[in-house]
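See structure below.
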Amino acid sequence: MARVRLQNVSKAFDTVQAVDNVSFEVKEGEFFSLLGPSGCGKTTTLRMLAGFETPSAGSIFFNDTNVTTAKPQHRNVGMVFQNYALFAHLSVGENVAFGLRARNVEKHEIASRVSRALAQVDLSGLENRAVSALSGGQQQRVALARALVVEPQILLLDEPLSNLDAKLRVETRERIRSIQKKLGITTFYVTHDQEEALTQSDRMAVFFNGKCEQIGTPREIFNQPVSREVMAFLGRANFFQANVVEPGLVRLPGDRQIKINNNEIKAGTQITLGIRPHHVELYAREPNFVGEVSKVTYTGAFEELVLRADELQIEAVVSFQNAGEKIQIGDTIPVKLPPEKLTIF
Ligand SMILES: Nc1ncnc2c1ncn2[C@@H]1O[C@H](COP(=O)(O)OP(=O)(O)O)[C@@H](O)[C@H]1O
Ligand SMILES: [Mg+2]
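Right, here's the structure in full:
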């Protein structure tokens, strides 16, 4: 298994700066996600790790070996492509065997390794099945078996769940995680889905416009986002412009004053405050203001509210466990923005 280090890696295609001066290090055996919106450079980063693209600048190391320009077959990586890229005219077994044939592994060994790889993904005995006769979920597992059969030191997964339905996505991501843990294989997992990244990763990197904005554990990134963009991408959030009245006290639109947990910021400074809907305290005993319900959305497990107080608009959630009466548009609810839950930008 390998440690992986990207050092000032960039990739330009003509005029597009797909990846822009990215540096990070991934530990041996780590499950590391690359999270960001479409077009932010995730796939390009993965393809540079695989050797399908060469960086325009910077270096990539596997352990202490510089692999920046090494060919894919000399890197010992396994990759699962977003659309699986299975060979439709080959059987399941032939698809899985592909990388072993390319490495001139002996025939009897190929057969035993293919059957072991298929067992790892719960597809034992399907060697002779046509790929086209498999469900989407099974095809995804064939692609995973094909990546694992070469016993790679690094596993690269590009949005591996994007073609599956919601229930299968959860099942499949848990399968991937458990195989990854068992094999202890260093894994890069590309996704635009914050829930996938948050639930599975040891650590993750958030990308925007080819740049790596933040690296950390899911908890660090969710709870201590470095920017408004990261906070907004990781889940729902309210943002307010605020003016510091005196250290520890700010004024929100509508001339409402609230406390913040920071005494370092000088009076007169303009700041942005962020708070997640589930951190907004409703029916607060010491409210900052009273909000009027302008929208109620039933989601099954809880209700999402939009509250208004003059020009302030705020999203909050109510779980049914805590809700008393049914909440209706026009209801007024005392609201508090707890200082310890506010993120300051
Ligand atoms: N082969 C290519 N030629 C030209 N532009 C490319 C190529 N591959 C990717 N790009 C561009 O680079 C940017 C990043 O793409 P990509 O890495 O695929 O993003 P993501 O996987 O995060 O959606 C996009 O603007 C994309 O259009
Ligand atoms: Mg992509």
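Sequential numbering of the sequence shown, starting at 0, is according to numbering that gives the first Met the number 0. Just so it is clear, CB atoms sit at the ideal spot from N, CA and C, and this is done for glycine as well. This structure is a prediction, so every number in the text was calculated from the model and none was measured.
Supposed contact pair VAL189 and GLU228 - C-beta distance, whole angstroms, cut 8 Å: Not quite, the Cβ-Cβ distance comes to about 19 Å (not below 8 Å), so this is no contact.
Mind the definition here: the segment 243 to 251 touches the segment 69 to 80 only if three or more C-beta pairs lie below 8 Å; say whether that holds. no
Can you determine whether any heavy atom of ligand 2 sits closer than 7 Å to the C-beta of ASP19, and answer yes or no? no
Take ASN261 as the anchor and find which of VAL243, ILE274 and THR298 has the nearest alpha-carbon. VAL243
At what residues does the beta strand (DSSP E) containing GLN213 begin and finish? 210 to 215
Which of helix, strand or coil does DSSP assign to LYS41? helix
Contact belief for ILE109 with ALA118 at Cβ below 8 Å, rounded distance in angstroms: With 8 Å as the limit, ILE109 and ALA118 do not qualify as a contact, their Cβ atoms being about 15 Å apart.
If contacts are defined as beta-carbon pairs under 8 Å, then PHE232 and GLN193 qualify, I think. What distance do you get, rounded to the angstrom? 6 Å
Entirely enclosed beta strand (DSSP E) segments - the segment 175 to 245, minimum 3 residues: 185 to 190, 202 to 207, 210 to 215 and 237 to 245
Taking only runs of the alpha helix (DSSP H) that begin and end inside the segment 71 to 145, which ones reach a length of at least 4 residues, in chain order? 91 to 101 and 106 to 119
With a cut-off of 5 Å, give the chain-ordered residues whose Cβ is closer than this to any heavy atom of ligand 1. PHE12, VAL15, ALA17, SER37, GLY38, CYS39, GLY40, LYS41, THR42 and THR43
Extent of the continuous beta strand (DSSP E) run through GLN6: 3 to 12
With respect to 7 Å, is the separation between the Cβ of GLU189 and the closest non-hydrogen atom of ligand 2 below this value? The amino acid occupying residue 189 in the given sequence is Val; Glu does not appear at that position. Yes, Cβ of VAL189 sits closer than 7 Å to a heavy atom of ligand 2.
Is ASP157 near ligand 2, in the sense that its beta carbon is under 7 Å from a heavy atom of that ligand? yes
Spell out a yes or no on whether the segment 135 to 144 and the segment 58 to 70 are touching, meaning 3 or more CB-CB pairs, one atom from each, closer than 8 Å. no
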